[in-house]
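Number of protein chains: 2
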Amino acid sequence: MDTLIKPLQDLIEKFRSLDGVGKKSAMRMAFSVLDMENSDAFDFAQAILDAKTKIGICTVCQNLSSEEICPICSSETRDHSVICVVEDYQAVLALEKVKEFSGVYHVLHGTISPMKGIGPDKLKIKELLNRINNEDIKEVIVATNPTVEGEATAMYISKILKPLEIKVTRIANGLPVGADLEYADEVTLYRALLGRRDI
Amino acid sequence: MDTLIKPLQDLIEKFRSLDGVGKKSAMRMAFSVLDMENSDAFDFAQAILDAKTKIGICTVCQNLSSEEICPICSSETRDHSVICVVEDYQAVLALEKVKEFSGVYHVLHGTISPMKGIGPDKLKIKELLNRINNEDIKEVIVATNPTVEGEATAMYISKILKPLEIKVTRIANGLPVGADLEYADEVTLYRALLGRRDI
Numbered sequence: 074m075d076t077l078i079k080p081l082q083d084l085i086e087k088f089r090s091l092d093g094v095g096k097k098s099a100m101r102m103a104f105s106v107l108d109m110e111n112s113d114a115f116d117f118a119q120a121i122l123d124a125k126t127k128i129g130i131c132t133v134c135q136n137l138s139s140e141e142i143c144p145i146c147s148s149e150t151r152d153h154s155v156i157c158v159v160e161d162y163q164a165v166l167a168l169e170k171v172k173e174f175s176g177v178y179h180v181l182h183g184t185i186s187p188m189k190g191i192g193p194d195k196l197k198i199k200e201l202l203n204r205i206n207n208e209d210i211k212e213v214i215v216a217t218n219p220t221v222e223g224e225a226t227a228m229y230i231s232k233i234l235k236p237l238e239i240k241v242t243r244i245a246n247g248l249p250v251g252a253d254l255e256y257a258d259e260v261t262l263y264r265a266l267l268g269r270r271d272i
Numbered sequence: 074m075d076t077l078i079k080p081l082q083d084l085i086e087k088f089r090s091l092d093g094v095g096k097k098s099a100m101r102m103a104f105s106v107l108d109m110e111n112s113d114a115f116d117f118a119q120a121i122l123d124a125k126t127k128i129g130i131c132t133v134c135q136n137l138s139s140e141e142i143c144p145i146c147s148s149e150t151r152d153h154s155v156i157c158v159v160e161d162y163q164a165v166l167a168l169e170k171v172k173e174f175s176g177v178y179h180v181l182h183g184t185i186s187p188m189k190g191i192g193p194d195k196l197k198i199k200e201l202l203n204r205i206n207n208e209d210i211k212e213v214i215v216a217t218n219p220t221v222e223g224e225a226t227a228m229y230i231s232k233i234l235k236p237l238e239i240k241v242t243r244i245a246n247g248l249p250v251g252a253d254l255e256y257a258d259e260v261t262l263y264r265a266l267l268g269r270r271d272i
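In order, the protein sequences belong to chains P and W.
Counting the first sequence from 1 gives a position; my numbering is that position plus 73.
Counting the second sequence from 1 gives a position; my numbering is that position plus 73.
The following block contains the structure:
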């Protein structure tokens, strides 16, 4: 026996194609599937298909949604005049956990990245402009990640929104709570100083 | 938005049910599926179903196989009078990699483990006895893992094979190649001393 049996090899390759899964993990997962009850394996396969077919994009905020308009965009208790612009669905989840933001979101589905060949046209920026033109928006909070690409995207958005005379803000940079100055990088420290406030 | 959207939540739970997959990893994998092409996701689902439906057990050695008799058991170049008894398919893969063993295997599908409620009757031990009774077997090498359960299983097998007057051997314990005595545990060192050989 030189190699793995074909259906097992195939399944291992599928697991390996997932983000962050190496050879050993993929094998362990494939064996987990073999150890499953047939019905559980069927449910697993079905869950993959369901995730692809039932999850779409909210026509308003472009966030992942199983409905045409997501629960946040259709909520009457949220402030629809404040839009928080984020990179992805995970960012929405993170911000929703804080339970402090009562506005709505706009999901860009990525950041501008010349290295990966992603220009502004590949992001949901024109959908954002549409919303701003057609709705009564008071503030746009740009909450892309404080990475090179995230900052570039934030800059780009602030520039195209300037002519529209809307308040555009950026989430603060600084030391995370519980951090130690000793271990903070220079850029973070510099920005923490720059963003200092009266106490 | 209090929780994840349902189809995504379902998929994350399926990934979490796999051996060694935590919450964060499961989320990352689920998002990988969402990022896939539809056809890739379909192939993934199909690979899961194929693994469950196309992989059976070799009627001779009980190893995983996509044929009724696995390539090792049907091979004419292997020594069918020497059976190496292992816990699982992974052990067969590991031993095959060494390319030194030319006999055949017998896969127990586990070890005796009173803690998990696994008695000898739940393992493929009677199938092993059948083989020994019906074939011309000269040696049985017990290569279960050197764990408590593996040793107990090895002991059990050697006991039931004793009346049949077959040579039963156990793979050696000792220091792994490249190891350091300083970091070896006492039991391994003790067994390494016990198994010492003339040089």
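Backbone N, C-alpha and C fix where the C-beta goes; we use that ideal spot for every residue, glycine too.
Query, Result
"When W:145, W:198 and W:91 are compared against residue 99 of chain P, the one with the closest alpha-carbon", "W:91"
"Runs of alpha helix (DSSP H) wholly within the segment 149-221 of chain W (minimum 4 residues, chain order)", "162-171 and 198-207"
"Limits of the beta strand (DSSP E) - the one that residue 242 of chain W falls within", "240-243"
"Same chain, Cβ closer than 7 Å to residue 88 of chain W, five either side skipped, listed in chain order", "94, 99, 102 and 103"
"Sheet register partners of residue 130 of chain W (DSSP bridge)", "W:137"
"Cβ neighbours of residue 223 of chain W in the same chain (closer than 7 Å, five flanking residues each side left out)", "160, 184 and 217"
"CB contact flag (residue 114 of chain P, residue 114 of chain W, <9 Å)", "no"
"Any C-beta of chain P under 9 Å from that of residue 78 of chain W", "yes"
"Three-way DSSP call (helix, strand, coil) for residue 116 of chain P in this model", "helix"
"Inter-stretch contact (C-beta, 8 Å, three-pair minimum) for the segment 228-239 of chain P and the segment 201-216 of chain P", "yes"
"Integer-rounded CB distance, given that residue 145 of chain W should sit under 8 Å from residue 134 of chain W", "7 Å"
"Neighbourhood of residue 78 of chain W by C-beta distance below 6 Å, restricted to the same chain and skipping five residues each side", "none"
"Rounded straight-line distance, which links the Cα of residue 168 of chain W to that of residue 182 of chain P", "47 Å"
"Contact check, residue 193 of chain P vs residue 229 of chain P, beta carbons under 9 Å", "yes"
"C-beta neighbour in chain W for residue 176 of chain P, strict 9 Å", "no"
"Residue 144 of chain W in three-state terms, based on DSSP", "coil"
"Neighbourhood of residue 165 of chain W by C-beta distance below 7 Å, restricted to the same chain and skipping five residues each side", "136, 159, 178 and 180"
"Inter-residue spacing [alpha-carbon to alpha-carbon] between residue 80 of chain W and residue 143 of chain P", "14 Å"
"Enclosing alpha helix (DSSP H) for residue 92 of chain P [first to last residue]", "Looking at the DSSP string, residue 92 of chain P is not in any alpha helix (DSSP H), and its letter there is neither H nor E."
"Cβ-based burial, residue 262 of chain P [other Cβ within 10 Å; buried from 16]", "exposed"
"N- and C-terminal bounds of the alpha helix (DSSP H) containing residue 263 of chain W", "259-267"
"Where residue 108 of chain W falls, given that 16 or more other Cβ within 10 Å makes a residue buried", "exposed"
"Cα-Cα separation between residue 206 of chain W and residue 246 of chain W, rounded to whole angstroms", "29 Å"
"Backbone CA spacing between residue 96 of chain W and residue 82 of chain W [nearest angstrom]", "11 Å"
"Buried or exposed (CB count within 10 angstroms, at least 16 for buried), residue 307 of chain P", "The requested residue 307 of chain P is not part of the displayed model; chain P covers only 74 to 272."
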